[in-house]
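If you want our numbering, it's the position in the sequence shown, counting the first as 1, plus 4.
Below is one structure, written out as structure tokens; the observations come after it.
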Amino acid sequence: KLALVDMALLVTEPGFGAQPLHADLPLGTPADREFAARSYSALFFPDYCESTILPRLSAIEHDRALESEDDQRRLLRPHNFFTLRLRPGALIIFRGDVFHAAPRNTLSKPRIALYALFVPAEDVERGRMRSVLSTFPFGDQKPFELPRPKPLRRKPRRA
């Protein structure tokens with residue numbers, strides 16, 4: 005059973021919004037990581053936009069990156085992440101321990117997303133969970149950028 009503990013309307017102006025790579029919940033201790041793995045973040049996008057930057061790692065590789073700084077340096081590199089072009093009504097749901105980042109808004113209008121965080125209800129009842137929105141990486145931190153795709157080279161046509 006999950007409980008909704010945070011909800012926010014995220015509005016990002018054109019040219020802004022890039023975040024550093026992060027997880028939505030603290031991951032400092034084994035107990036933190038176990039709690040985050042049982043929690044879920046949801047993002048609803050009501051308009052066309054680029055998605056949150058998400059890992060293309062398997063669950064095993066992602067979990068390994070949580071355990072070891074060496075694996076984090078090796079696995080949490082831009083080539084292991086992707087974004088999607090989203091249509092209105094897209095919903096992305098991922099575990100609270102998943103490393104991700106918001107890309108810079110490249111649209112000519114504000115990007116809008118409705119964010120929600122769900123955690124195990126028993127942890128809320130025990131008072132373990134409070135709002136995490138104030139800890140989100142906004143502002144002047146170095147953003148996580150994906151490499152730009154290389155242009156396709158066309159083969160010359162034979163006459």
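By construction, the Cβ of each residue, glycine as well, lies at the ideal position given by its N, Cα and C atoms.
Span separating the alpha-carbon of residue i from that of residue j
i      : j      : result
Ser55  : Glu126 : 31 Å
Glu38  : Ala105 : 21 Å
Val128 : Arg77  : 33 Å
Arg81  : Val102 : 14 Å
Ala12  : Ala117 : 8 Å
Ile97  : Ser72  : 25 Å
His66  : Leu79  : 8 Å
Leu14  : Pro34  : 30 Å
Asp28  : Thr16  : 18 Å
Gly175 : Lys113 : Only positions 5 to 163 of the chain appear in this structure, which leaves residue 175 out of reach.
Ala63  : Tyr44  : 15 Å
Arg130 : Leu95  : 29 Å
Leu61  : Pro107 : 18 Å
Residues sharing a beta bridge with residue i, DSSP
i      : result
Thr33  : In the DSSP output, where bridge partners are listed per residue, Thr33 has none listed.
Ile64  : Ile64 pairs with nothing; no bridge assigned.
Leu25  : Answer is none; Leu25 lacks a bridge partner.
Ala105 : Ile57
Leu95  : Phe48
Leu121 : Asp10, Ser45
Phe85  : Pro59
Val90  : For the record, residue 90 in the displayed sequence is Leu; it is not Val. According to DSSP, Leu90 bridges with Cys53.
Residues of its chain near residue i, where Cβ-Cβ distance is below 7 Å and the 5 sequence neighbours each way are ignored
i      : result
Leu111 : Pro18, Cys53
Asp75  : Arg68, Ala69
Leu8   : Ala120, Phe122
Asn109 : Thr16, Glu17, Pro18, Gly19, Phe20, Gly21, Arg115
Span of the alpha helix (DSSP H) around residue i
i      : result
Asp74  : 73 to 79
Val128 : 125 to 129
Residue i Cβ short of 7 Å to the ligand ATP heavy atom set
i    : result
Leu8 : As for the ligand ATP, it is missing from this structure, which has no ligand bound.
Start and end residues, beta strand (DSSP E) containing residue i
i     : result
Thr16 : 6 to 16
Ala46 : 44 to 49
Own chain partners of residue i with C-beta closer than 8 Å, once the 5 adjacent residues on each side are dropped
i     : result
Gly32 : none
Sequence-distant residues of the same chain with beta carbon closer than 6 Å to residue i, five excluded per side
i     : result
Lys5  : Ala125
Ala41 : Arg99, Asp101
Asp36 : Pro30
Test: residue i CB closer than 8 Å to a CB of chain B
i     : result
Phe98 : Absent from the structure: chain B. Only one protein chain is present.
May I ask you to verify whether the segment 90 to 100 touches the segment 48 to 66, counting CB pairs closer than 8 Å and requiring at least 3?
yes
Are the segment 80 to 87 and the segment 57 to 65 touching, with three or more C-beta to C-beta distances below 8 Å?
yes
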